[in-house]
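**Student:** Pasting a structure below so you can have a look.
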Amino acid sequence: MIQGFNTAGGHFSGLRADQIAVGLPACSNAAGGGYIVPDSVKAAIQYLRGLAPKPAKYTRVSSYPLLRGMMDWSINWDKVATCGPVYDFANNFNRIFRPSQILNLNIFIEGFYIPSADSTRKDTVKVFLRDTIAPFITIDSSKGLFNTNGSATINFANAQNSRKYYLQIKHRNSIETWSKTGGVIFTSSNANYNFTDNSSQAYGNNMKQIDNSPLRFAFYSGDINQDGSIDASDLSAVDNGASGSVSGYVAADVNGDNFVDAADQSIVDN
Numbered sequence: 412m413i414q415g416f417n418t419a420g421g422h423f424s425g426l427r428a429d430q431i432a433v434g435l436p437a438c439s440n441a442a443g444g445g446y447i448v449p450d451s452v453k454a455a456i457q458y459l460r461g462l463a464p465k466p467a468k469y470t471r472v473s474s475y476p477l478l479r480g481m482m483d484w485s486i487n488w489d490k491v492a493t494c495g496p497v498y499d500f501a502n503n504f505n506r507i508f509r510p511s512q513i514l515n516l517n518i519f520i521e522g523f524y525i526p527s528a529d530s531t532r533k534d535t536v537k538v539f540l541r542d543t544i545a546p547f548i549t550i551d552s553s554k555g556l557f558n559t560n561g562s563a564t565i566n567f568a569n570a571q572n573s574r575k576y577y578l579q580i581k582h583r584n585s586i587e588t589w590s591k592t593g594g595v596i597f598t599s600s601n602a603n604y605n606f607t608d609n610s611s612q613a614y615g616n617n618m619k620q621i622d623n624s625p626l627r628f629a630f631y632s633g634d635i636n637q638d639g640s641i642d643a644s645d646l647s648a649v650d651n652g653a654s655g656s657v658s659g660y661v662a663a664d665v666n667g668d669n670f671v672d673a674a675d676q677s678i679v680d681n
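Per this note's numbering, residue 412 is the first one in the sequence shown, and the count goes up by one each step.
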């Protein structure tokens, strides 16, 4: 793992992988922490675990110094006021070392669905795991991309097997939708939930039928300002976007074709 080299006092034979321990400083202001940005540490650890390619290579430009001994380095895990609320490595430890819990999710978004093709345009959603007991606190959250068949794989670091959760789904221009009463359970680090085959899969049957064959349901499109309702303010945002020929990844693009036009106005108006 660490190659040996000659020293003034002999030869340092190097270290095997099982002789190395990785210490993660709590934050950038920990005294003498030797802080490195989290992404660099994550990349190195993923490589050491055989999960990613080698992130970088270091070659010393000059000869090694005449080392006469070895020194052990320790890391200070101080919690100091200047660290603030963020402890990058400490907070991400589980995400690096603990296996993810996987949610296999199926959803459709009304405006993104193409009935003639029985498929959907792709987009990103954010999924929150909520406790099933009031006040339904957030346990974890994660983003994922749903594919043309409506499937998405969502990874969670803090979910636990055999515990019930509600799913809260948020999308950039759709009505926020929750899973039905009863909750979702992870078993062997996996859970499955399909919103598309019945409106009862959503809390309060809060979905719209978008296809007869195959029978499919979707989240309501048109909540541009994400206030929980579709009303004149949302239609106004789309009208303004259409009149200005707005394009790109914007909330007013209700059907996901990267243009704000009459097609988007029609969806919100209905």
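Note that the Cβ used here is the ideal one computed from N, Cα and C, for glycine as well.
1. So, helix, strand or coil for Y576, using DSSP?
2. Using CA atoms only, rank isn't needed, just tell me which of S647, G555, N515 is closest to A602.
3. Quick one: grab the DSSP three-state call for I525.
4. Going by Cα to Cα distance, which pick from S585, N616, L626, F519 is closest to A374?
5. Any idea what DSSP makes of G615, helix, strand or coil?
6. Compare the beta carbon distance of D645 and G633 with 9 Å and say whether it is the shorter of the two.
7. Any contact of the region 619 to 628 with the region 562 to 580, i.e. 3+ C-beta pairs under 8 Å?
8. Using C-beta distances below 7 Å, list every residue in its chain close to V665, excluding the 5 sequence neighbours before and after it, in chain order.
9. Could you check which residue in V657, I641, G652, D542 has the C-alpha nearest to that of A570?
10. CA-CA distance, T592 and P466?
11. N558 by DSSP, collapsed to three states: which one?
12. Could you check where the beta strand (DSSP E) with I513 kicks off and where it finishes?
13. Identify whether Q620 lies in helix, strand or coil by the three-state DSSP scheme.
14. What do you get for Y660, buried or exposed, if any count of 16 or more other CB atoms within 10 angstroms of its CB means buried?
15. Answer with buried or exposed for L540, where buried requires no fewer than 16 other C-beta atoms within 10 angstroms of its C-beta.
**Tutor:** On the basis of the data shown:
1. strand
2. N515
3. strand
4. Nothing about residue 374 can be read from this structure; the chain reaches only from 412 to 681.
5. helix
6. yes
7. no
8. G522, N584, S632, G633, V649, D675, I678, V679
9. D542
10. 45 Å
11. coil
12. 512 to 517
13. strand
14. exposed
15. buried
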